[in-house]
Amino acid sequence: MRKRLAIIDREKCHPMECGNYLCAKLCPVNRAGADCIFPGDDPAKKARIDEFLCTGCGICPNRCPFGAIQIINLPDTLNKDPVHRYGQNMFELYSLPSPIFGQVTGIIGKNGIGKSTALKIMGNLLKPNLGKWQNPPEFKEVIAYFKGTETQKFLEKLHRNEITLSYKPQQVDLIPKQFSGTVKELLAKIDTKDQLHKIAEQLQLTHFLDNDISTISGGELQRTAIAAAVLKDANLFLFDEPTSYLDIKQRINVSLFIRSLAVPEKSIISIEHDLIILDYMTDLINIMYGQEGAFGVVSGVKSTREGINAFLDGFLKEENVRFRDRPLKFDKTQDARKNLPRSLISWDNLQKQLGKFHLQTERGTLYKNEIVGVLGENGIGKTSFIKILAGLTSPDAGSVDTQIKVAYKPQYLETGSDLIVSDFLQVAVDKYPHQLIKPLDIEKLFGQKLSELSGGQLQRVAIAHCLSQDAQLFLLDEPSAYLDVEQRLIISKVIKTVAQERDVTILVVDHDLLFMDYISDRLIVFSGTPAKNGLLRGPFPLEEGMNTFLSDIGITLRRDPASHRPRINNPGSVKDREQREENKWYYS
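Below, the structure is given as structure tokens:
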């Protein structure tokens, strides 16, 4: 059984630019006369590695100037062939999630370890090849691989057409490129059970049903994609990141909607990175672990609470597998600063009219060396306020001190640039290699163009670029978007380090409540009616701000006794009723 994995990133491998296969010239096995590293049979002749001949010496991954090679020793527990491999020296997936009827099963794991691949196999969009990409196996071989498991029963039903699938893809922003017309026209084509009106009301689509699909926002596209998936006559629903682009109120509504689908004759599987929402939405969890871009493994199914806590701990008790060196902790630490607050910037009774939308603020002040979170629904003025602080727009009334240096990371990132990452981040590379580049794991991206980066990679690069600037106030608009749970924790620690070590102020707009709970010293809360009016209140102390925000949206949060992560109480539960009666919507 092969125990070593050699991965070559085809996009990064440039054999003619490194000195004509530098990796092959340095390989001890090649120098001894064997062909461990050799040109591939693709038109560009990218390098290939024979995994059976490879000794794992580590020379080629360390010396490749483009960082294209990974050599990985597989865990001893992986004693079977993979479920699927994309090709020689490419990603491979071990095991599959377990769809359970009448339940919502969540999948949690890092980016790049096969979550979407697993869903595509479950969705019959990708045929599992058991690692035999050159000679794909017959269906009976696939069934024999899963003999005696729930997955065997599932695949047999899938093969007999007893399972009808509906798949909500991750990249909803591609929908306008694949369909033209109004939202209603798109959904009407799929609606086989005359449910469009009912689903549109539940997902709050009615006010934009007649809008062209190319003009609606990311959050509206997400809810349209969910509606399209649900309108299909199916008994297995697969949702790939169903809450991205949504604000917290919409996330809770979508969670309840997805939970309502879990009747005995239907099964739901969902990938989600917002831990509070994943916890609220699901009954069961499959953990996925492995190495980014190399291999992924699906754990056995666990209860939601147990599964999330095991993921945070980095240890699977039943499998006796440790997949992370240290646990992820979200404990709040008490602020040791005892100095009097030093004012940085203030605003007073700002007003701004943007078309039919009106923004107004109460008086507020930001202090030096603090992190202030900004909470509120989409379309309620958060980004407009950020742009006023950044000096990009001016208020119609009221005053704001804009004499300070400001750095701004926008919500929507520029994706079309051919600029090389290392050039774009030159200041960060020169001044903050240990504060930004290393913790954000950006060095491996240095040789790539901005236009080649994934959403998560581009987000990390944009955050590093913003935080490397010479400024007193940093404005980060939705820094957790596209990032997995582990990356969100790393980002939060980087933000805290920058604020403390450089004595600067950081304002963070985000919809992940766990991220905001962990990172914020104080909170600004927006209320009002989306697209009509918004009122900014605060900054408040964290507990007061959370209480204000949670009472506005109507949920209560408790703390998990083991991991101390915040969890949403089930509406009407004993804990929910107790906290409402005490007016403690947030349990600190």
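Position one of the sequence shown corresponds to residue 33 (this note's numbering), numbered consecutively onward. For glycine and all other residues, C-beta sits at the position ideal for the given N, C-alpha and C.
So, is the C-beta of residue i closer than 8 angstroms to a C-beta in chain B?
i, result
"Y514", "The displayed structure is made up of one protein chain only, and chain B is not part of it."
Taking the C-alpha atoms as reference points, what is the distance between residue i and residue j?
i, j, result
"V353", "S605", "35 angstroms"
"H543", "K281", "9 angstroms"
"K349", "I69", "39 angstroms"
"P593", "R599", "10 angstroms"
"N565", "F558", "10 angstroms"
"I309", "L58", "49 angstroms"
"S127", "P296", "25 angstroms"
"E173", "V330", "20 angstroms"
"T238", "E252", "11 angstroms"
"A220", "L228", "7 angstroms"
"P427", "K419", "10 angstroms"
"L344", "L589", "19 angstroms"
"L482", "I40", "21 angstroms"
"Q385", "L391", "6 angstroms"
"L694", "I523", "The shown model of the chain, from 33 to 620, leaves out residue 694, and the question about it has no answer."
"I245", "L288", "25 angstroms"
"L568", "L539", "14 angstroms"
"I527", "L555", "16 angstroms"
"R369", "L125", "Confidence in R369 is poor, its pLDDT being 49 and thus under 50, which makes the residue's placement too unreliable to answer from."
Quick one: what does DSSP say residue i is sitting in, helix, strand or coil?
i, result
"L348", "strand"
"K172", "helix"
"K298", "coil"
"L307", "helix"
"R369", "Per-residue confidence for R369 stands at a pLDDT of 49, beneath the threshold of 50, marking its modelled position as unreliable; the derived number appears in the next sentence. Coil, per DSSP."
"L505", "strand"
"A79", "strand"
"Q458", "helix"
"L582", "helix"
"T87", "coil"
"Q202", "coil"
"S148", "helix"
"G28", "With the chain represented from 33 up to 620, any question about residue 28 goes unanswered, as that position is not in the structure."
"G570", "strand"
"D74", "coil"
"D542", "coil"
"Y618", "strand"
"Y126", "strand"
"V6", "Because residue 6 is not part of the residues shown, which for the chain are 33 to 620, the question remains open."
"V353", "strand"
"R358", "coil"
"N609", "Per the sequence shown, the amino acid found at residue 609 is Arg instead of Asn. Of the three classes helix, strand and coil, the one that applies to R609 here is helix, per DSSP."
Since residue i and residue j should fall inside the 8 angstroms C-beta cutoff, what is the C-beta to C-beta distance between them, to a whole number of angstroms?
i, j, result
"F98", "K147", "That belief does not hold up - the Cβ atoms of F98 and K147 are roughly 26 angstroms apart, past 8 angstroms."
"F362", "L106", "31 angstroms between Cβ atoms; not a contact."
"M621", "L421", "Because the chain here runs from 33 to 620, residue 621 falls outside it and cannot be looked at."
"E379", "G396", "One detail in the question is off: residue 379 reads as Trp in this sequence, not Glu. Yes, they are in contact, since the Cβ atoms of W379 and G396 sit about 6 angstroms apart, within 8 angstroms."
"P274", "I258", "6 angstroms"
"A496", "A460", "5 angstroms"
"M268", "S299", "Met is not the amino acid found at residue 268; the sequence shown has Leu there. Rounded, the Cβ-Cβ distance is 5 angstroms, consistent with contact."
"R117", "N161", "7 angstroms"
"P562", "E338", "Not a contact, Cβ separation roughly 37 angstroms."
"I403", "D553", "5 angstroms"
"N401", "A494", "Incorrect: roughly 23 angstroms between the Cβ atoms, too far for contact."
"T415", "Q383", "In fact, because the Cβ distance is near 16 angstroms, the residues do not count as touching under 8 angstroms."
Starting from residue i, trace the beta strand (DSSP E) in both directions and tell me its first and last residue.
i, result
"M320", "316–323"
"P427", "No beta strand (DSSP E) contains P427, which DSSP labels as neither H nor E."
"Q383", "375–386"
Name the DSSP bridge partner or partners of residue i?
i, result
"Y464", "BP columns for Y464 are empty, so no partner."
"A38", "I103"
"A439", "F506"
"S335", "L316"
"I139", "I303, N318"
"F283", "Contrary to the premise, residue 283 reads as Arg rather than Phe in this sequence. In the DSSP output, where bridge partners are listed per residue, R283 has none listed."
"D28", "Past the edges of the chain, shown from 33 to 620, lies residue 28, and the structure says nothing about it."
"N565", "H390, T561"
"K481", "I452"
"F269", "S198, I300"
"I403", "I538"
"V329", "Y126, Y321"
Alpha helix (DSSP H) containing residue i: first to last residue?
i, result
"L521", "517–534"
"R591", "Premise fails: R591 lies in the beta strand (DSSP E), 589–591, not in any alpha helix (DSSP H)."
"F547", "545–551"
"F417", "414–421"
"G26", "Any question about residue 26 goes unanswered here, given that the chain covers just 33 to 620."
"R599", "Note, R599: premise wrong, no alpha helix (DSSP H); beta strand (DSSP E) at 598–600."
"E49", "E49 -> no alpha helix (DSSP H), and no H or E assigned at all."
"T181", "Where T181 is concerned, there is no enclosing alpha helix (DSSP H), given that its DSSP letter is neither H nor E."
Any heavy atom of the ligand MN within a distance shorter than 7 angstroms of the CB on residue i?
i, result
"Y464", "Of ligands this structure carries none, so the ligand MN is not represented either."
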